[in-house]
Amino acid sequence: MISIVYSAAILGIEAQLIEVQVDVSRGLPILDMVGLPGASIRESRQRVRSALRSAGLDFPVARITVNLAPAGLRKEGSWFDLPIALGIAMASSQLSHRAGGQLIAIGELGLDAAIRPINGVLSVAEMARTLGGYKLIIPSENFEEANVIPGIEILPADHLSTLIKKLKEPAFMVTTGTSSRLHSLTQGASAAARAGRRDAESDLKYVVGLETAKRCLEIAASGGHNLLMVGPPGSGKSMLASCVPGILPPLTLSEAIEATKIHSVAGILDRSSPLLQHRPFRAPHHSTTLAGLIGGGWPVRPGELSLAHNGVLHLDELGEFRREVVDALREPLDTGRVVLNKHLCAVEYPCRMFLIASMNPCPCGYHGSQDRECLCTDRQIRSYRSVLSGPFLDRMDMTITMIPVPTERLAREVVRGSSEDSATVRARVCKARDIQLTRFKNAGIPLRTNSQLTVRDLRTCCHITPEAERILISGGSKLMLTGRGMTRSLKVARTIADMEGQPNVLARHVAEALQFRLPPRTV
């Protein structure tokens, strides 16, 4: 007898429906699996056998064949334990086939028949809503995560025996996710963002001086632009970067779901908070590997680039990273996505974030300093800077040289505390982003920030005055900017105009954008 239960496979951050077919027939007692099952699925034989017995069910002494369709797609994940166990129970007439109709089951089984939590539940829940007509069986510990998606019927379970009893009921009870639940989560996220990222968050009011750098930071946050800060130790690079979360606007509903799906698939989602409350801020160590940054491995997992989606990626001590790691950023910074080819399968992860990078000018950190002598040789300096290729630097929208604040001013302003706080800057950033979203909506362009504008979109969204155009051409020629560099400078100028509430890009906006643009050879 053949039974059918549905499950799901995760490709990137999206779920694909998988049909789990189970056949129990006469023959040698063996459990055979086909349909390109991965190692974690093949290991489920022993877990399923013990779990069925622990749940008070018989494990058939017969030939059992499990087919995972479509057979051409490679599957991985311990969450296939539960649908396989239910399929065996149905195929051996221990559970009615009616119970398996239109069921999507995911969950890992323990030897004691406990149903353990898994990763990627939010993606599966969204798939169930898109397909329509399916009931979703999930581990109880994943219920809050799945309940983020409204309009789906959810049956949470913590033990296989309890689940079997529920499925045997004439009309087993399910819980339906509601839009009010999603609204409350979104409202909570917005309130948390307005209140501040965390109690110990760095605030701009504690940053003395560095007005130009603060201005760059505000422009970067307003338009989602990449920023490179170069300066000696103690010039405030890391402190400024730590202030970025405090000036970012709250996540929108769609942004929160996108980012949460990535964190869920990666297995780092806090189950007590089923929807991300703040924009991601990822700061990997300079020893991170290529796979750690862009993703990889098998099963494929998202890297730091994708984990920063809809947020910020901070690379401190950029000169200490391996060149291959830095160069791997080039295409994702342009396209906003990472495509990994593994086992004849292309996996895509989104990575729409902006980069905040900082580095010293040389290994000792004091090249060009007027206060300290640089101890590095020319060869050491060239080797240190060779990590940053021309194409990578061309993708930096703004580059700024950090100059340490004089000791006298530092002492004076620390006592006075007259700097602008992050809440004030965040209000301006939110206003600038609202202007951008309104413009994109009116133009019918599905974008969120000026940094995502294409050349075609610039013609629609970036009206530039003749004087500003002359400055852009003249400045671009003097700075030897590439076509990409000119385009990125124009996007920055568009953001500066939005910060002022100006509908057109004026000459002063272009001039300010160009002053933050350095030829690659000077860094």
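So the sequence shown is residues 1 to 523, counted in the numbering used here.
Ideal Cβ placement from N, Cα and C applies to all residues, glycine included.
Nearest neighbour of residue i, chosen from the options [CA to CA]
i, options, result
"Gly56", "Ile106, Gly87 and Lys165", "Lys165"
"Ile247", "Ile138, Ser202 and Leu253", "Ser202"
"Phe516", "Val230, Leu167, Val121 and Glu14", "Val230"
"Leu437", "Pro249, Val207, Phe354 and Arg129", "Pro249"
"Asp23", "Val61, Gly87, Glu373 and Gln46", "Gly87"
"Leu52", "His367, Tyr6, Leu160 and Arg322", "Leu160"
"Ser25", "Ser54, Pro60 and Ala125", "Pro60"
"Glu169", "Ile403, Thr424 and Arg98", "Arg98"
"Arg42", "Ser254, Ser54 and Thr65", "Thr65"
"Gly35", "Ile10, Ala71 and Ala8", "Ala71"
"Val10", "Ser489, Val347 and Gly444", "Note on identity: in this sequence residue 10 is Ile, with Val being the wrong assignment. Closest by alpha carbon: Val347."
"Gln370", "Asp32, Ser422, Met402 and Asp421", "Met402"
"Pro299", "Pro29, Ile13 and Glu76", "Glu76"
"Phe143", "Leu167, Gly483 and Val174", "Val174"
"Thr252", "Thr377, Glu19, Asp434 and Asp158", "Asp434"
"Asp112", "Gly444, Arg49 and Ile473", "Arg49"
"Ile294", "Asp421, Tyr349, Ala259 and Met486", "Tyr349"
"Pro503", "Ile471, Leu479 and Ala432", "Ala432"
"Pro284", "Ala125, Phe321, Leu269 and Met353", "Phe321"
Run of the alpha helix (DSSP H) containing residue i, from where it starts to where it stops
i, result
"Cys430", "Ser422 to Ala443"
"Leu393", "Gly390 to Asp394"
"Cys216", "Glu211 to Gly223"
"Met480", "Counting along the chain, Met480 falls outside any alpha helix (DSSP H), and DSSP gives it neither H nor E."
"Thr260", "Leu253 to Ala266"
"Val455", "Val455 to Cys461"
"Val326", "Arg323 to Asp327"
"Thr130", "Val121 to Leu131"
"Leu86", "Asp81 to Ala91"
"Met555", "There is no way to answer for residue 555, as the model of the chain reaches only from 1 to 523."
"Val48", "Ser44 to Ser54"
"Arg385", "Asp378 to Arg385"
"Glu141", "Premise fails: Glu141 is in no alpha helix (DSSP H) and is neither H nor E."
Anticipated Cβ contact below 8 Å, residue i with residue j, distance rounded
i, j, result
"Ser140", "Pro156", "4 Å"
"Cys351", "Leu305", "4 Å"
"Gly133", "Gln94", "Rounded, the Cβ-Cβ distance is 26 Å, inconsistent with contact."
"Leu204", "Ser419", "6 Å"
"Ser44", "Ser78", "7 Å"
"Gly296", "Leu329", "Wrong, their Cβ atoms sit about 15 Å apart, outside the cutoff."
"Val387", "Val429", "Going by Cβ atoms, the distance from Val387 to Val429 rounds to 31 Å, so no, they are not a contact pair."
"Gly365", "Pro233", "5 Å"
"Gly209", "Val405", "4 Å"
"Ala550", "Pro302", "Examination of residue 550 is not possible in this model, given that the chain is present from 1 through 523 alone."
Whether residue i touches residue j by CB criterion (8 Å)
i, j, result
"Gly311", "Arg385", "no"
"Asn147", "Ile154", "yes"
"Cys243", "Leu227", "no"
"Gln16", "Asn67", "no"
"Thr495", "Gly110", "no"
"Thr465", "Ala513", "no"
"Ala468", "Ile356", "no"
"Arg395", "Asp334", "yes"
"Ala213", "Ile400", "yes"
"Ala91", "Ile2", "yes"
"Ser273", "Asn119", "no"
"Arg271", "His314", "no"
"Val510", "Cys462", "no"
"Lys261", "Ser123", "yes"
"Arg63", "Gly38", "no"
"Asn442", "Lys491", "no"
"His286", "Glu317", "yes"
"Ala308", "Pro280", "yes"
"Pro83", "Val5", "yes"
"His225", "Asp498", "no"
"Arg501", "Met486", "Residue 501 is actually Gly in this sequence, not Arg. Result no, Cβ atoms of Gly501 and Met486 do not sit closer than 8 Å."
Beta-ladder partner(s) of residue i, from DSSP
i, result
"His159", "Ala114"
"Ile104", "Tyr6 and Leu136"
"His314", "Ile356"
"Tyr349", "Val338"
"Lys165", "In the DSSP output, where bridge partners are listed per residue, Lys165 has none listed."
"Met33", "Val66"
"Pro302", "Gly295"
"Lys75", "Pro37"
"Val505", "Ile464"
"Thr449", "Thr449 pairs with nothing; no bridge assigned."
"Arg557", "Summary: the structure shown does not reach residue 557, with the chain confined to residues 1 through 523, and so no result is reported for it."
Range covered by the beta strand (DSSP E) that runs through residue i
i, result
"Gln16", "Glu14 to Ser25"
"Ser358", "Phe354 to Met359"
"Met398", "Met398 to Thr401"
"Val174", "Per DSSP, Val174 belongs to no beta strand (DSSP E) and is neither H nor E."
"Val230", "Leu227 to Val230"
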